[in-house]
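Asks: Got a structure here, written out as structure tokens. Questions coming.
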Amino acid sequence: MNTTISNNGLPKLPQAASQPGSSATAESSATAAGSGAPAAKADDQLKLTDSAKALQQAARADNTTPIDSQRVERVRQALANGSYKIDAGRVADRMISMERQLGGTDKA
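Position one of the sequence shown corresponds to residue 1 (UniProt numbering), numbered consecutively onward.
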């Protein structure tokens, strides 16, 4: 399975002539070498692992949960005035649960 990478709005690099001995190829190679950027090859490919694909999908904006700005402001105010309480037991339980999930020992 191949994945196409878009240029994300970046300008396209000039394409080298298709003939290996042409002066355009030599000039573009010299320009690329002089600028520190490698010359692009027509047969370059990128294959993403399943993990990379999952990370890419998770990073998409449509998968995000909306932020509750009112709750964020309440927590911010509670932190500022010192009234925010942390339940250490609950934090520890969730950390242990996450560790079990990562280790594959959690059955939940």
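Every residue, glycine too, gets a C-beta built ideally from N, C-alpha and C.
Kindly give me the distance between the Cβ atoms of residue 84 and residue 75, rounded to whole angstroms, as I take these residues to be in contact under 8 Å.
Replies: That pair is a contact at about 7 Å.
Asks: Let me see if you follow: with CB-CB separation under 7 Å, is residue 76 close to chain C or not?
Replies: Given the protein chain composition of this structure (a single chain), no chain C is represented.
Asks: Using only the alpha-carbon positions, how far apart do residue 99 and residue 49 sit?
Replies: The straight-line gap from Cα to Cα measures roughly 23 Å.
Asks: Excluding the 5 residues preceding and the 5 following residue 78 in the sequence, name in chain order all residues of the same chain whose CB lies nearer than 7 Å to its CB.
Replies: For residue 78, where only same-chain residues beyond five positions count, the Cβ hits under 7 Å are 84.
Asks: Taking the alpha helix (DSSP H) that residue 68 belongs to, which residues open and close that run?
Replies: Here residue 68 belongs to no alpha helix (DSSP H), and DSSP marks it neither H nor E.
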